[in-house]
Amino acid sequence: MSAALAVLLLQGWQPLPDVLLRQLEAQHAGPTPGISLQQYAGVVLLGGALEPSYIWQAHGQPALNGAAERMTVPVALLQQHPHLRILFTGGEGDLFAKGLTEADRAKIFFDSMGVPPQRILYESASHTTYENAVFSAKLPGVNPAQPWLLLTSASHMPRAMATFRKAGWNVTPYPVDFRTGTQTPWTEYSLADGAKRWHMVLHELAGLLTYRLAGRA
């Protein structure tokens with residue numbers, strides 16, 4: 000019981016998981032601020048920033064989760080770079096989910112932001128990062144050999160980059176949704192936030208190992 004209590008209490012000390020999380024986030028730097036993006040065909044945007052369909056349908060309005068930068072940053076990129084387009088890829092990650100796919104929800108969000116529909120492509124059949132890469136490459140008018148920006152959470156970027164490059168994509172990382180800084184204050188403590196950070200770290204490390212063993216990354 001003492002050991003279990005000690006592990007539970009240690010779980011909330013955020014500097015510990017942040018060491019691993021920071022290593023994931025630091026593996027891929029984004030384009031230098033202010034650099035021209037003229038060479039890129041568009042932005043491949045991975046899903047994962049939207050609340051489940053039942054929440055959207057219950058309230059009739061967009062609902063973003065803690066990774067909201069995945070959705071807001073592309074809107075700014077489209078405003079700043081008129082030649083870019085977005086390829087949003089995301090079906091439904093939950094096994095028994097019903098209702099709107101993540102691509103359906105993304106369309107509602109981008110429409111509400113005033114983004115012209117002709118500047119966004121949607122892929123709605125994928126359930127995993129691997130399927131994101133494979134299914135997106137098959138969309139009409141998409142050439143994965145062209146330079147694309149790959150936009151996802153910084154902690155997810157190592158697995159995403161390895162998977163997309165393995166699938167033949169010519170992608171440059173554009174990480175967002177950072178959860179760590181250069182250091183974490185030693186006084187940062189929260190059982191809830193600590194558990195979330197451990198879950199995030201272990202999910203990505205296990206996912207990357209599994210993908211490599213399966214030859215997908």
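Letter by letter, the sequence shown follows residues 0 to 216 of numbering that gives the first Met the number 0. Quick reminder that beta carbons are idealized off the backbone N, C-alpha and C, glycines included.
1. So P16 packs on W168, CB below 8 Å; how close in whole Å?
2. Using only the alpha-carbon positions, how far apart do D176 and P157 sit?
3. Between Y53 and the rest of its own chain, which residues show a CB-CB distance below 7 Å, the 5 nearest in sequence each way excluded?
4. Is it buried or exposed, L188, if we count other Cβ atoms within 10 angstroms and call 16 or more buried?
5. Give the C-beta separation of L149 and V170 to the nearest angstrom, bearing in mind that I take them to be a contact with Cβ-Cβ under 8 Å.
6. Exposed or buried, I119, counting other C-beta atoms within 10 Å across all chains shown (16 or more means buried)?
7. Could you pull the DSSP bridge partners for F87 from this structure?
8. For a test of the three-state rule: what should DSSP assign to P32, helix, strand or coil?
9. Going by C-alpha distance, which of A136, I107 and T151 is nearest Q145?
10. Suppose you measure from the CA of V72 to the CA of M0; what does that come to, to the nearest Å?
11. Going by beta carbon distance, what residues of the same chain come within less than 7 Å of D192, once the five residues before and after it are set aside?
12. Contact criterion: CB-CB distance below 9 Å. Does E91 meet it with respect to chain C?
13. Have a look at P172 and G33 and give me their C-alpha separation to the nearest angstrom.
14. If contacts are defined as beta-carbon pairs under 8 Å, then L4 and S154 qualify, I think. What distance do you get, rounded to the angstrom?
15. By how many angstroms is the C-alpha of R84 removed from the C-alpha of P61?
16. Could you spell out the range, first to last residue, of the alpha helix (DSSP H) harbouring S135?
17. Less than 8 Å between C-beta atoms, sequence neighbours within five positions excluded: which residues of the same chain meet that for W185?
18. Whole angstroms is fine: what's the gap from D247's alpha carbon to Y39's?
19. Which of the three DSSP states is assigned to W55 in this structure?
20. Expressed to the nearest angstrom, what Euclidean distance is found between the alpha-carbon atoms of L201 and E50?
Straight from the coordinates:
1. Rounded, the Cβ-Cβ distance is 30 Å, inconsistent with contact.
2. D176 and P157: Cα-Cα distance of roughly 14 Å.
3. Once the five neighbours on either side are set aside, the close Cβ partners of Y53 are G98.
4. Inspection of the sequence shows that residue 188 is occupied by Tyr rather than by Leu. Y188 should be labelled exposed.
5. Indeed they touch by this definition, with Cβ atoms about 4 Å apart.
6. Counting Cβ neighbours within 10 Å, I119 comes out buried, since at least 16 surround it.
7. F87 pairs with L44 and Y121.
8. Three-state result, P32: coil.
9. Of the candidates A136, I107 and T151, the one whose C-alpha sits nearest the C-alpha of Q145 is A136.
10. Spanning the two alpha carbons is a distance of roughly 46 Å.
11. Around D192: Q13.
12. Absent here is chain C; the protein component of the structure consists of one chain.
13. Spanning the alpha carbons of P172 and G33 requires a straight line of approximately 15 Å.
14. With a Cβ gap of about 28 Å, L4 and S154 do not count as contacting.
15. Roughly 21 Å separates the two Cα atoms.
16. Its alpha helix (DSSP H) spans residues T128 to S135.
17. Within the same chain, W185 has close Cβ partners P14.
18. This structure leaves residue 247 out entirely; the chain is present only between 0 and 216.
19. Here W55 carries a helix assignment [DSSP, helix/strand/coil].
20. Rounded to whole angstroms, L201 to E50 spans 21 Å at the Cα level.
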